[in-house]
Each structure stands twice: as C-alpha cells, then as structure tokens.
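See below for the structure under consideration.
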Amino acid sequence: MFKLIRDKHSILTLDPKPDKEVIIEHYKNIYYQKESGLYKKEYTEKDLNGFRNKAKVFLTLYEKYCGSKPSNVFEPGFGEGFTLNYFNDNQIECFGVDLSQEGLLQHNSKLISTDNIKQGSFEDGIYFDKKFDLIILDHILEHVYDIDKTMENLIEYVKNDSLVIVLVPNEFNLIQNIYLEKNNLKMEDAPWIQEVEHIRYFQKETLDNLFSNYNFQRSSKLMSDFPIDMNILFGDTDYYKNPSMGKNAYNIKLEFETMLINKSVNKYIDLCESFADNDIGRNLIAVYQLN
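Structure (structure tokens):
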C-alpha cells in the first residue's frame with residue numbers, strides 16, 4: 007500500500023516508489039508494445055491529426071517566444087515518435103532518447119536510421135555532447151524514477167536561449183477534486199493514480215517549484231489542454247466507472263482541438279491559458295528558460 011507525500015519540491019509523490027527495475031522492465035517490454043488505453047498498433051486519421059496538432063502547438067510556442075523556428079529539437083521519452091516526425095517534416099534536426107524504440111519502429115521507423123535516436127534512460131546518462139534550441143518533455147516527468155537526476159541531466163543540454171516545453175498531467179485539478187468529494191474518495195483512492203507508470207502528480211505550483219529550484223524561469227503563462235475529465239462528473243459519461251465511454255470522450259477532445267487549431271493555433275493557446283487560470287484542463291503545458 008502506498009501513500010502520497012510531498013517531496014522536497016512539494017510534488018505529490020508515491021511513497022514507497024515502485025522498484026526502479028520494475029519500472030524499467032515495464033517501459034522496455036510493455037509500454038507501446040501492447041495495445042492499452044490510448045496506445046494502438048494502428049491509428050485512425052483523427053488520432054494522427056491529434057498528434058500533429060500537439061506538435062504544431064509546441065512549434066508555435068517556440069516561434070512565439072523565440073521569433074523563428076528552432077534548428078534542432080531534443081525529445082527525451084519520444085514514445086512513438088509522432089512529435090519528432092512532425093518536426094522532421096518541418097526540416098528541423100531531431101534528437102531523442104527512450105527506454106524502448108518499439109513505438110518508433112511501429113509508427114515512425116524512418117527516424118531510427120539516424121545516430122540522433124538513442125535507446126536508454128534519460129535520467130541515467132548523457133547521450134549527446136550538444137546543446138539544443140528546443141527540448142520537449144512531454145509526459146516524462148511523472149514517469150521518471152529520480153526527478154533530480156533528470157533535471158540535472160536536462161541542464162546539460164540547455165543553453166541560455168534554449169526553450170524547454172513541458173507537458174505533464176494536471177492532477178487534482180478543480181474537476182478531479184469535485185469528483186473525489188462527490189464519491190467520498192481519498193487522494194490515494196483516486197482512479198487516475200497509476201502505481202507503476204506515474205510516480206508523481208503535478209499541480210501548477212509544483213511544476214513551477216521544480217523548475218525554479220533548478221534555476222529556470224517560466225517564459226509563458228501556464229496552459230492546460232481540453233478538460234476531458236469534465237466527463238467524469240456525470241454518471242453516464244464517467245469513463246472511470248464505465249471505461250467504454252473513454253473513447254467517445256477522447257474523440258470529442260480531438261474534434262474540439264482540431265476545430266480551434268485549424269482556425270488559429272495562437273487563439274487555441276490563449277484558450278489553454280484560460281483553462282489553466284481556472285484550474286481545469288487535463289494536462290499542464292509550460293515553457294521554461296534558464297535564468
């Protein structure tokens with residue numbers, strides 16, 4: 007049995023943490039290799055467009071704060087490689103490291119033919135003797151075993167004008183806290199707790215705490231994406247109690263985001279800022295730079 011405690015950065019963290027070997031084994035041999043949740047061996051065009059939309063937002067954020075495209079991008083924990091593939095298609099040199107290349111092999115295998123893609127644990131080593139214009143940390147910080155070693159390694163790749171774009175789940179947000187209250191659940195009983203895959207659970211303040219403690223400042227307003235978890239407030243759309251509703255909720259998210267991004271990526275980003283300001287939205291997004 008675990009508890010949720012605050013670490014030295016005030017981030018809610020599992021105690022005890024799963025064994026590191028169990029985590030590594032999971033990501034090497036299971037993650038992106040068995041269909042579960044949002045991971046598939048074949049994606050619909052709507053799914054693929056959703057991946058492109060997220061990468062388009064990342065690129066737009068870089069252009070917004072730097073005034074031009076990056077010459078290179080580094081993504082630790084690249085997963086299936088859809089973000090790197092989008093940047094590669096935009097003639098931006100791509101680098102990545104991940105514990106497994108299985109997802110990349112299935113969906114974006116053309117990226118593997120370069121020495122810029124490495125297999126390994128980001129928190130356990132330095133893989134490139136290089137600084138990058140843009141580093142994307144998309145759903146990695148909640149997974150890593152040692153957050154401090156991860157941040158120390160991150161700094162090795164950062165120069166003064168580098169941007170670090172971070173995306174993490176927005177946990178125990180307004181909607182989720184209402185859900186806990188309505189269902190008389192303790193935090194540890196929250197259905198979004200994933201004992202092996204998610205070691206830590208971020209809120210707006212704790213994400214800023216972490217980066218401030220490593221001499222980063224936030225360049226952007228905090229953002230959060232579509233509040234898909236509003237579905238859990240209603241019995242007939244609660245995908246925790248009725249998992250079959252998850253696909254429909256996700257498709258609504260994709261349609262909503264595509265509609266707005268097709269109209270204006272920058273206006274979509276404005277909306278994401280409003281979501282975060284109101285403590286809703288399933289994932290937090292922020293842009294950081296070294297002080």
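Residue numbers (my numbering): 7 to 297.
Quick reminder that beta carbons are idealized off the backbone N, C-alpha and C, glycines included.
These figures come from a predicted structure and were not determined experimentally.
Under 9 Å, do residue i and residue j count as touching if we go by C-beta distance?
i	j	result
residue 153	residue 29	no
residue 290	residue 228	yes
residue 79	residue 181	no
residue 105	residue 118	no
residue 32	residue 261	no
residue 179	residue 286	yes
residue 256	residue 234	yes
So is the beta-carbon of residue i under 8 Å away from any non-hydrogen atom of the ligand ZN?
i	result
residue 248	In terms of ligand content, the structure shown is empty, and the ligand ZN therefore cannot be addressed.
Report the residue from the options whose alpha carbon sits nearest the alpha carbon of residue i.
i	options	result
residue 220	197, 294 and 259	294
residue 147	118, 175 and 27	175
residue 137	22, 125 and 100	100
residue 223	167, 102, 274 and 53	167
residue 207	177, 225 and 185	177
residue 251	95, 123 and 243	243
residue 231	191, 264 and 120	264
residue 139	115, 128, 151 and 73	73
Alpha helix (DSSP H) containing residue i: first to last residue?
i	result
residue 60	51–72
residue 262	252–269
residue 216	210–218
How far does the beta strand (DSSP E) with residue i in it extend, from its first residue to its last?
i	result
residue 294	289–296
residue 222	222–224
residue 166	164–175
residue 143	138–144
residue 19	18–21
residue 186	That residue, residue 186, is in no beta strand (DSSP E); its alpha helix (DSSP H) goes 180–188.
Which term fits residue i, buried or exposed, when burial requires 16 or more other beta carbons within 10 angstroms of its beta carbon?
i	result
residue 51	exposed
residue 157	buried
residue 84	buried
Determine, for residue i, whether the minimum Cβ-Cβ distance to residues of chain D falls below 9 Å.
i	result
residue 253	Among the chains in the structure shown there is no chain D, since it carries only a single protein chain.
* Ranges of the beta strand (DSSP E) found wholly within the segment 79–126, counting only runs of at least 3 -> 99–104 and 123–125
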